[in-house]
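For reference, the structure discussed in these notes is given below.
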Amino acid sequence: MTGLRFAAIGLDHRHIYGMSEGMLDAGCELAGYWTEGEPQPLAGFMKRFPAAERFDTRQRLLDDRTVPLFLIAAPPAERAMLAIEAMRHGKDVMVDKPGCLTLDELAAIRTVVAATGRIWSVNFSERFEVRAVTRATELVRAGRIGEIVQTMSTGPHRLNLHMRPDWFFDPALYGGILGDIGTHQIDQFLFFAGAATAEIVHAAVGNFANPGLPKFEDWGELNLKAGKTQGYVRVDWYTAEALPNWGDGRLFLYGTEGQIELRKYVDLKGRPGIDHLFLVNGKDYEYVDCATAELPYFRQLADDVRDRGETACPQAHTFAVTELAIRAQQRAERRGHLAG
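Okay, structure coming up:
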């Protein structure tokens, strides 16, 4: 148990549920929360955490020296400002992705991190909250598929149109599809490639299914290269209604001696549950149980807040993922209803 106290700031995305639950599971204490107005996820947050106190002003939490960590899931256009404010008040922060929207915002965050020594961590939940990724990491490090040559990752999401706020449909306010959900895939590529950064070989975004939403990007793809390792990413908002969850997220790791496939959230017409991992190499052809794999990010972040380490995720990695996502979004070809 760490006894670390944290606050939730901005409840505008449902990711705040998993962020808060992860810290509680790590033995931390929810000191309270602040949010503007009545965002859609608020009711679910209050149901999950009924004992949490709502503060009428975030200044009270900023001034509370017994709360060293802020979890931020405000609208994306406000996250950089809130994170900078928190760090200047001596707080470490975990931010929902995207952590910021522009290179200028990222530069300001870098400056404040350097000046304050605070932690700016982005919750890449498709790695940090998936036990199958923990197990895949162990297998790769044990040499079970040799040297990683290529990664392929897909991040389909359910649109849930009726639940989305207005900012969700404007790339200037949410970061665009590569700047937003593409960050998960960029994070995984750099992590498994063991790379500090990558070359953007190709990027594209499109609107193929939502002509009534002229700015909205419902599809994106990205090719990355880091040394000898190639990466392909595809993200979309096309999850069909019959699927029992929000998306069939997959990750393929191709090595010189084998391959690993992760079906993170569903095995279509196969095994029930989540965290499915399949491994093939020169000796083995198997389904790997991931039920006992840990989710170390939250515990490690609590340790980092206390010990001033970088065990949860190196700061340079978080900066690199964010910069690549922003640059990919900026240079992306525009297709479908976005073209012309």
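Numbering of the sequence shown is given in the numbering used here, commencing with residue -18 and proceeding in unit increments.
Glycine is no exception: its CB is placed at the ideal position from the N, C-alpha and C atoms.
task: Starting from the C-beta of Pro20, find all residues in its chain whose C-beta is less than 6 Å away, skip the five residues before and the five after it, and write them out in chain order.
output: Here residue 20 corresponds to residue number 39 of the sequence shown, with the count starting at 1. Result list for Pro20: Leu(-8) and Asp(-7), in chain order.
For Leu84, the three-state DSSP class (helix, strand or coil): Counting from 1 along the sequence shown, the entry for residue 84 is found at position 103. Taken through DSSP and simplified to helix, strand or coil, Leu84 comes out as helix.
task: Look up Val214 in the DSSP assignment and say whether it is helix, strand or coil.
output: If you number the sequence shown from 1, residue 214 lands on position 233. Strand, per DSSP.
query: Taking the runs of the beta strand (DSSP E) that are 3 residues or longer, which of them lie wholly in the region 148 to 190?
result: Taking only runs of at least 3 residues, the beta strand (DSSP E) segments lying wholly in the region 148 to 190 are 180 to 188.
field: Unbroken stretches of the beta strand (DSSP E), 3 residues or longer, contained in the region 125 to 149
entry: Scanning the region 125 to 149 for uninterrupted beta strand (DSSP E) segments of 3 residues or longer gives 129 to 137, listed from N- to C-terminal end.
- request: Taking Glu17 as part of the alpha helix (DSSP H), name the residues at either end of that continuous run.
  value: Here residue 17 refers to the residue found at position 36 of the sequence shown. Boundaries cannot be given for Glu17, as no alpha helix (DSSP H) includes it and DSSP labels it neither H nor E.
Nonlocal neighbours in the same chain, by C-beta distance under 6 Å from Met(-18), ignoring five residues either side: As a position in the sequence shown, residue -18 is number 1, starting the count at 1. Because Met(-18) sits at a pLDDT of 44, beneath the cut-off of 50, its placement in the model cannot be relied upon, and the point is left open.
query: For the beta strand (DSSP E) that contains His257, what are its first and last residues?
result: The count along the sequence shown starts at 1 and reaches residue 257 at position 276. Looking at the DSSP string, the run of the beta strand (DSSP E) that includes His257 is His257 to Asn262.
message: For the beta strand (DSSP E) containing Phe51, name the first residue and the last one.
response: Taking the sequence shown and counting its residues from 1, the one referred to as residue 51 is at position 70. In this chain, the beta strand (DSSP E) harbouring Phe51 covers Leu50 to Ala54.
- request: Could you have a look at Met(-18) and say whether DSSP puts it in helix, strand or coil?
  value: As a first step, residue -18 is located in the sequence shown; it is residue number 1 there, counting from the start. Its pLDDT being 44, under 50, Met(-18) is placed unreliably in this model, and the value from its coordinates should be taken loosely. Residue state, collapsed to three classes: coil.
field: Ala176 burial status per 10 Å Cβ neighbour count (16 or more: buried)
entry: Along the sequence shown, one-based indexing puts residue 176 at 195. Answer is buried; the Cβ neighbour count reaches 16.
message: Quick check on this structure: which residue in Leu142, Phe109 and Phe189 has the alpha carbon closest to the alpha carbon of Gly3?
response: Here residue 3 is taken as the residue at index 22 of the sequence shown, counted from 1. Ranking Leu142, Phe109 and Phe189 by Cα distance to Gly3 puts Phe109 first.
- prompt: Would you report the Cα separation of Tyr(-2) and Ile90, rounded to the nearest angstrom?
  reply: Within the sequence shown, numbered from 1, the residue matching residue -2 stands at position 17. Within the sequence shown, numbered from 1, the residue matching residue 90 stands at position 109. Approximately 25 Å between the Cα atoms of the pair.
Distance CB(Thr237)-CB(Glu128) smaller than 8 Å: Within the sequence shown, residue 237 is the residue found at index 256, counting from 1. Within the sequence shown, residue 128 is the residue found at index 147, counting from 1. Remark: C-beta atoms of Thr237 and Glu128 approach each other more closely than 8 Å.
message: Can you give me the C-alpha to C-alpha distance between Gln311 and Trp200, rounded to a whole angstrom?
response: Taking the sequence shown and counting its residues from 1, the one referred to as residue 311 is at position 330. Taking the sequence shown and counting its residues from 1, the one referred to as residue 200 is at position 219. The C-alpha of Trp200 is placed about 15 Å away from the C-alpha of Gln311.
field: Cut-off 8 Å between Cβ atoms - residues of its own chain near Val302, not counting five sequence neighbours on either side
entry: Sequence index remark: in the sequence shown, residue 302 carries index 321 (1-based). Contacts found: Val103, Phe105, Thr164, Ile167, Asp168 and Leu171.
- request: Would you mind stating whether Gly212 and Ile307 have Cβ atoms separated by less than 8 Å?
  value: Sequence index remark: in the sequence shown, residue 212 carries index 231 (1-based). Sequence index remark: in the sequence shown, residue 307 carries index 326 (1-based). Against a cut-off of 8 Å, the Cβ pair of Ile307 and Gly212 comes out as no contact.
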